[in-house]
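Everything on this sheet refers to the single structure shown next.
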Amino acid sequence: MPYKNLISDVLAAHADQILQGQNYEEPYTRLFPEDKSLPPLLNLAEQVKETLQPVSPPNAFKEQLQRDLMAAARLKQAQAEQQNESSLFVPLLISAAIALMGLMFLRLRQQSAA
């Protein structure tokens, strides 16, 4: 595994641990003592976590989003049902035309035999 990928994995693991309320910065810096850019990056990750505040949408937004999603789902379902109905119409029309042609052919044959 290339060294850059390894450091990226270390930073990702550190970020996950910060989100879980843990901090293992020291073991990471001991694992890679020659990498002078790692401690500032780990520190930056902690500062970002402390600075950012969780955001949750207002209830009105959640309710409107739910209504919009339900309306979109109903519309999509109605369109699918309409498409199924129209897809049955064409084969029925073709079958009826073939049956009608068969009846006409039978009628002509009976007339020519008589």
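Residue numbers (my numbering): 1075 to 1188. Positions of the beta carbon are idealized from the N, C-alpha and C atoms, including for glycine.
For a quick check, are the C-beta atoms of L1112 and I1081 less than 8 Å apart?
Locating residue 1112 in the sequence shown gives position 38, counting from the first residue. Locating residue 1081 in the sequence shown gives position 7, counting from the first residue. Their beta carbons are under 8 Å apart, which means L1112 touches I1081 by this criterion.
On the three-pair Cβ rule with 8 Å, is the segment 1130 to 1143 touching the segment 1096 to 1111?
Counting C-beta pairs closer than 8 Å gives fewer than three between the segment 1130 to 1143 and the segment 1096 to 1111, which falls short of the contact rule.
Spatial neighbours of S1161 in its chain, beta-carbon cut-off 8 Å, leaving aside the 5 residues before and after:
If you number the sequence shown from 1, residue 1161 lands on position 87. Nothing meets the Cβ criterion.
Once DSSP output is grouped into helix, strand and coil, what is the label at D1083?
Locating residue 1083 in the sequence shown gives position 9, counting from the first residue. Taken through DSSP and simplified to helix, strand or coil, D1083 comes out as helix.
V1122: first and last residue of the uninterrupted alpha helix (DSSP H) it sits in
Start at 1 with the first residue of the sequence shown, and residue 1122 comes out as number 48. Residues L1112 to T1125.
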